[in-house]
Amino acid sequence: MNQTKINKYSRSVSIVGVSCTPFMNTLDNPETAGLTEGEMFGYAALKAMEDAGVEPKDVDYYFHGEASPLNGSNYITPNVQVANWFGMKGKGSMHHSEACCTGYLALEIAANAVASGKYDCVLTGAVEFGDAIPTPSESVEQPKHPYKRDKMTMDKFLKTTSWIYDKTYARPLMAPMELIYDDCAEDYVRTRGITPEQMDDTLNHMAINNRHNAVHNPLAITHEEFADIAKEKGFDDVMDYMRSPYNPKSGDFLRMEGIERKCDGAAACIVIATEKIPELCKNLRHKPIEIIGIGSAACEASTPHFEINATKEAIRQVYELTGKSGDDLDIFFANDFIITSHLYAAELAGYLPYGEGWKYICEGRTAFDGDKPINTNGGRTSFGHAHAASGLADVYECCMQMRGECGEHQVKKLPKTAMLRGYGGSQNVAAIMLETVDNFEPSKEPAKESNLKLEKVVQTYYEGLEQGKLLGRKCKRCGAVEFPPVYACNSCGCDDTEWVELSGKAVMKSIVLPAPLSSKPEYKERMGKYAYGVIETEEGAEFNGVVIGISKKTRPELLEKLPLPVHAKIIDRDGGFKTVVYELDE
74 MNQTKINKYS RSVSIVGVSC TPFMNTLDNP ETAGLTEGEM FGYAALKAME DAGVEPKDVD
134 YYFHGEASPL NGSNYITPNV QVANWFGMKG KGSMHHSEAC CTGYLALEIA ANAVASGKYD
194 CVLTGAVEFG DAIPTPSESV EQPKHPYKRD KMTMDKFLKT TSWIYDKTYA RPLMAPMELI
254 YDDCAEDYVR TRGITPEQMD DTLNHMAINN RHNAVHNPLA ITHEEFADIA KEKGFDDVMD
314 YMRSPYNPKS GDFLRMEGIE RKCDGAAACI VIATEKIPEL CKNLRHKPIE IIGIGSAACE
374 ASTPHFEINA TKEAIRQVYE LTGKSGDDLD IFFANDFIIT SHLYAAELAG YLPYGEGWKY
434 ICEGRTAFDG DKPINTNGGR TSFGHAHAAS GLADVYECCM QMRGECGEHQ VKKLPKTAML
494 RGYGGSQNVA AIMLETVDNF EPSKEPAKES NLKLEKVVQT YYEGLEQGKL LGRKCKRCGA
554 VEFPPVYACN SCGCDDTEWV ELSGKAVMKS IVLPAPLSSK PEYKERMGKY AYGVIETEEG
614 AEFNGVVIGI SKKTRPELLE KLPLPVHAKI IDRDGGFKTV VYELDE
């Protein structure tokens, strides 16, 4: 297998702001059913900026991660669709997708961009609807509802996971797609000399420890200890429950509670040149977390022991760069959508001793209140797995632990040095090392009050149309109106906005007639003659819209009269929702 020698960054790079939404099944709760990608990513982005003490104008560029944007969001350019939500309209961006490793490589991409000197401050974020797909969900080609979603069935999920494997050889060979579940467990039993029964106990204890961590984490998707569930089911011993049909074998070794809980979520962080912190983050209220190195490797799934070998290489790179070892680590994270990952990765990193890690797990020492904490947020099996977002959710948790801000699930010893082992996508691997910047004195300025909420702006807008109302959001700082409505003001960057009903009066500032490429039969059937153009509302918002009543014959005369007074008209669209078009006043 090839090896890479990585070099030190050209300048120090640090994380100064982090955020994470709750990980949840949005469709299971009326308060969250209807949330969209823009709202989830936008909330995470704005909260990360708030944590860093920066505003959108201070952020030079943003990176957007999503594991399956076409299937999960019906986008192929998802980064472009979200910028308005967090006040960064017009700023440069890129999208990337590395399946379940997306959120970890999101940090590497951001660190490289800042370390190079091109940017001083960037946002990197990720969003995923792992449990819900746009309505109607039969195929990606169907036109979608603006905010409604259907459940991602397990059958559909398993079919789409084949997309991460090579279609020329791996899929026809069959084994590469299936070894992911039990390869690490089989290798551990064979090379460490433990029995299958001991491995079964270890897998169950990993699930128990993850759940114990999640129970104390308000952002986690699960909040009930396995011991309590066992009692409810009539078991006095939690391990009897974990070995029972309530937790069936789903593989040669793996049980159901050792597999990810797919869900929806978003997370983000602000990455900055450490030397620029005094200038850009004048009131930073916590110590920065420096990114001291990131090792990376990738092994396509027909490679024997692909997770093991890629993990070894990524860890080797970062230890060689930093001069660190497992003895220097105070906390460890591993993307454990297959739970065996966190045992095997922790041993490869030297965080747990070779061949003895299973004992630490079975003794509870790797829970948040043990001496070797792993996945203190609950990991993929109990915190939840919102595929692309999970890596940055781990970054959020790690930074909060290193800042001592994790409340009930804060580890006993404040971590100074951490490793996060990212993994996913048949298979990308990252080994991220973080270290607290100790020589920084945090600001004692009180935090500003924030009115930002994770709310269903899109659904509220469309419900307003049903009532004959045209709703926008007005900035409380500069007075600018955002239409269509989003969280943040794209004039001044303020995220304190409020609902306002628009008058419906506007002007049309340009005229473009439909042609063979842009003519839609549905539009003509509903509206007759029409044209496209720039609309400016009476309140000052500009956007591209449709105006009824303009034809090739009338266009020359109307061009002479621009801007044309127009007024809003609410019409029905195919798909069971309404939209707004405009009519000429005269």
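Everything in the sequence shown is counted per our numbering, starting at 74 for the first residue and increasing by one. Beta carbons: idealized from backbone N, C-alpha and C, even for Gly.
First and last residue of the alpha helix (DSSP H) that includes CYS257?
-> 256–265
In chain order, which beta strand (DSSP E) runs of at least 3 residues are fully inside the stretch 209–286?
-> 222–224
Beta-carbon proximity list for GLY541, same chain, < 7 Å, skipping 5 on both sides = ILE643
Is VAL510 helix, strand or coil when you go by DSSP?
-> coil
Where the beta strand (DSSP E) containing GLY495 begins and where it ends = 490–497
Residue-chain proximity (GLU139, chain B), Cβ-Cβ < 7 Å = The displayed structure is made up of one protein chain only, and chain B is not part of it.
Which two residues bound the contiguous alpha helix (DSSP H) that contains ILE412?
-> Where ILE412 is concerned, there is no enclosing alpha helix (DSSP H), given that its DSSP letter is neither H nor E.
Note down the Cα distance separating PRO207 from ASN147, rounded to an integer number of angstroms.
-> 7 Å
So what's PHE96 in DSSP terms, helix, strand or just coil?
-> coil
Among VAL288, THR395, CYS471, which one has its Cα closest to the Cα of PRO446?
-> CYS471
Note down the Cα distance separating ASP569 from VAL554, rounded to an integer number of angstroms.
-> 12 Å
Three-state secondary structure (DSSP) at HIS169?
-> strand
Can at least three beta-carbon pairs, one atom from the stretch 156–169 and one from the stretch 224–232, be found at a separation below 8 Å?
-> no
Could you name the residues of the same chain whose beta carbon sits closer than 8 Å to that of LEU178, not counting the 5 residues immediately before and after it, in chain order?
-> GLY138, HIS169, GLU171, SER369, GLY464, GLY495, ASN501, ALA503
Member of VAL620, THR610, VAL580 whose CA lies at the smallest distance from the CA of TYR596 = VAL620
Residues bridged to HIS296 (per DSSP) | Paired residues: none, contrary to the question.
GLY176 to GLY198 span [Cα, whole Å] = 7 Å
Reference ALA374, options LEU635, SER210, TRP236, closest by Cα | TRP236
Should the stretch 532–541 be called in touch with the stretch 262–274, which here means at least 3 C-beta pairs below 8 Å?
-> no
Quick one: Cα of PRO589 to Cα of THR241, how far?
-> 38 Å
Where VAL155 falls: helix, strand or coil (DSSP) = helix
Residue from THR109, VAL262, ALA183, LYS191 whose Cα sits closest to the Cα of LYS221 = THR109
Return helix, strand or coil for MET315, following the three-state DSSP convention.
-> helix
Can you tell me where the beta strand (DSSP E) with PHE616 in it begins and where it stops?
-> 615–621
Alpha carbon of ASP658 to alpha carbon of HIS640, nearest angstrom = 6 Å
Counting only the same chain and skipping the five closest in sequence on each side, list residues whose C-beta sits under 8 Å from that of TYR655.
-> ALA579, MET581, ILE608, GLY618, VAL619, VAL620, ILE621, VAL639, HIS640, ALA641, LYS642
Going along the chain, which residues of its own chain have a beta-carbon closer than 8 Å to the beta-carbon of GLY613, five neighbours each way excluded?
-> ALA553, VAL554
Through-space distance from TRP572 to CYS173, alpha-carbon basis = 37 Å
Go through its chain and collect everything with a Cβ distance to PRO249's Cβ below 7 Å, but skip five positions before and after it.
-> TYR238, ALA243, ALA374, SER375
Please name the residue in GLU393, PRO351, THR509, GLY111 whose C-alpha comes closest to that of THR150.
-> GLY111
So does PRO95 have its beta carbon nearer than 6 Å to some heavy atom of the ligand MN?
-> Inclusion of the ligand MN in the displayed structure is not the case, the ligand content being empty and no account of it being possible.
Can the beta-carbon of ILE343 be found closer than 7 Å to that of ALA188?
-> no
State the DSSP-derived secondary structure class of ASP131, mapped to helix, strand or coil.
-> helix
CA-CA distance, ASP401 and ALA422?
-> 10 Å
Out of LYS232, LEU416, PHE299, state which residue places its alpha-carbon closest to the alpha-carbon of THR255.
-> Inspection of the sequence shows that residue 255 is occupied by Asp rather than by Thr. Nearest of LYS232, LEU416, PHE299 to ASP255, Cα basis: LEU416.
Using three-state DSSP, classify ASN501 as helix, strand or coil.
-> strand
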